[in-house]
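Working notes, beginning with the structure itself.
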Amino acid sequence: MKEKFKRNAILFFQQIIPVIAGILIALFIENWNSERKDKAYIKQAFSTINSELNDSKEDIIATIPRQKSLIDSLDFYADNKDVKVLEIVMKVKGIYVPSIKLNGWKAVSNTKIDLVDYNKIITLSNIEDLKSTLKYKTEYLMTFLYANINETDKNVKFTTKLILLDIIQTEETLQKTIELFDKK
């Protein structure tokens, strides 16, 4: 009886060991394949993120001089009671606001954020926060301008200038944060 048990136990282990080894090899291959796909996804996502941030940075660089031109015009016409805020805005061909693109970051942050370096997450989150801040400041500027578009008062022109300076400061901070991300 002991021999029969011993033979059955040996037969059992001879059959179960290849099955266990096969399962372990399959799990190893699946993990390796999953990691490979994750790395490819992150590589592609960061290619998109870098491209979007470079476009955003270029847009900021192009926009700031236009905004400074509006500030100069507001200063120039500040004391002129015959020139409305609308006319000043029209002389510089409108209000310019940069487009900040973060679609690649939104995709990563909603799916595979655990695969991203913590420092990159912090920097991208800061860029996203600055984008929101810029949006709110721009909305405030537009609301203020719509309410005061026909004003000729020096104080209205000065307030518009201050709002624009605040927007420029946010854009410059955003530009520096994007450059910091590029260095990482």
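For the sequence shown, the numbering used here gives the first residue as -1, with consecutive numbering after it.
Backbone N, C-alpha and C define an ideal beta-carbon position, used for all residues, glycine too.
- Query: How about L68 and L162: do their beta carbons lie closer than 8 Å?
  - Reply: yes
- Could you pull out every residue in the same chain whose Cβ sits closer than 7 Å to the Cβ of V83, ignoring the five residues on either side in sequence? Here the set comprises L143, N146, I147, E149, V154, K155 and T158.
- Task: May I ask you to report which of helix, strand or coil DSSP gives G92?
- Result: coil
- Please classify D77: does DSSP put it in a helix, a strand, or coil? coil
- For I98, which option in K89, E126 and V81 has the closest C-alpha, if you only look at C-alpha atoms? E126
- Should T168 go down as buried or exposed, given a rule of 16 or more other Cβ atoms within 10 Å for buried? When all chains shown are included, T168 counts as buried.
- Message: Strictly under 8 Å for the Cβ-Cβ distance: is A43 near chain B by that measure?
- Response: In summary, chain B is missing from the structure at hand, where a single protein chain is found.
- Query: By DSSP, does N153 sit in helix, in strand, or in coil?
  - Reply: In the three-state scheme derived from DSSP, where H, G and I count as helix and E and B as strand, N153 is classed as helix.
- Inter-residue spacing [alpha-carbon to alpha-carbon] between N78 and K152: The alpha-carbon atoms of N78 and K152 are separated by roughly 8 Å.
- Item | Three-state class that DSSP yields for K99 in the structure shown | coil
- Could you check where the alpha helix (DSSP H) with K110 kicks off and where it finishes? Run containing K110: none; DSSP gives neither H nor E here.
- Could you tell me if Q173 is buried or exposed, where buried requires 16 or more neighbouring beta carbons within 10 angstroms of its beta carbon? buried
- Task: Taking all protein chains shown into account, decide if F3 is buried (16 or more other Cβ within 10 angstroms of its Cβ) or exposed.
- Result: Under a 10 Å Cβ-count criterion, F3 is classified as exposed, with fewer than 16 other Cβ atoms of the shown protein chains found around its own Cβ.
- Message: Given a cut-off of 8 Å on the beta-carbon distance, is the pair I165 and L139 in contact?
- Response: yes
- Query: Quick one, are the C-beta atoms of S86 and Y75 less than 8 Å apart?
  - Reply: The displayed chain sequence assigns Ile, not Ser, to residue 86. In contact: I86 and Y75 (Cβ atoms closer than 8 Å).
- Message: Between F11, V90 and L122, which has its C-alpha nearest K104's C-alpha?
- Response: L122
- Query: Cα separation between T109 and Q12?
  - Reply: 43 Å
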